[in-house]
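Enquirer: Reading the sequence shown from the start, the letters are residues 65 to 165 in the working numbering. We treat Cβ as the ideally placed atom computed from N, Cα and C, and that holds for glycine. Small disclaimer: the values here were computed from a predicted structure and weren't measured. I'd like to ask some things about the structure below.
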Amino acid sequence: MVARIYNPAKTAMQSGTAKTNGWVLEFCPQFTKSIDPLMGYTSSGDMKQQIELKFPTKEKAIAYATCNNVTYRVEEESKRKHLRASYSDNFRFDRLSPWTH
65 MVARIYNPAK TAMQSGTAKT NGWVLEFCPQ FTKSIDPLMG YTSSGDMKQQ
115 IELKFPTKEK AIAYATCNNV TYRVEEESKR KHLRASYSDN FRFDRLSPWT
165 H
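Following this line, the structure appears as structure tokens:
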């Protein structure tokens, strides 16, 4: 039973950074998923795959995993680059690409 500890990224459907402040501990799948031959649904007998524990800090998530004898791997958070651009930059005379209609 291996757990993954990570900081969730922001969703692609939003510009906000909600639900990205904490750390998540989730278990990696132990069994492969199977396809139901009649309906085509994907199913698994692994119930731990549904567990997702949320922690305020990375240290608390690691402490929980060590207390409960859960092997874990930590995926460090990657900070995104925020490029500041203003609307007036679209009309600068020294643009790299020419502006046309």
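#1: Q94 and K83 - do their beta-carbons sit closer together than 9 Å?
#2: Taking S98 as the reference, which of S79, S108 and E123 has the closest Cα?
#3: How is I115 classed by DSSP in three states: helix, strand or coil?
#4: Between T135 and the rest of its own chain, which residues show a CB-CB distance below 8 Å, the 5 nearest in sequence each way excluded?
#5: From T121 to F157, what distance separates their C-alpha atoms?
#6: Using CA coordinates, which residue listed in P72, V88 and L89 is at the minimum distance from T81?
#7: Tell me, which residues are paired with S98 by DSSP?
#8: Look at the alpha carbon of D153 and the alpha carbon of L160, and state the distance between them as a whole number of angstroms.
Expert: Per the coordinate set shown:
#1: Their beta carbons are not under 9 Å apart, which means K83 does not touch Q94 by this criterion.
#2: S108
#3: coil
#4: M65, V66, A67 and A129
#5: 47 Å
#6: P72
#7: Secondary-structure assignment with DSSP links S98 through a beta bridge to S107.
#8: 11 Å
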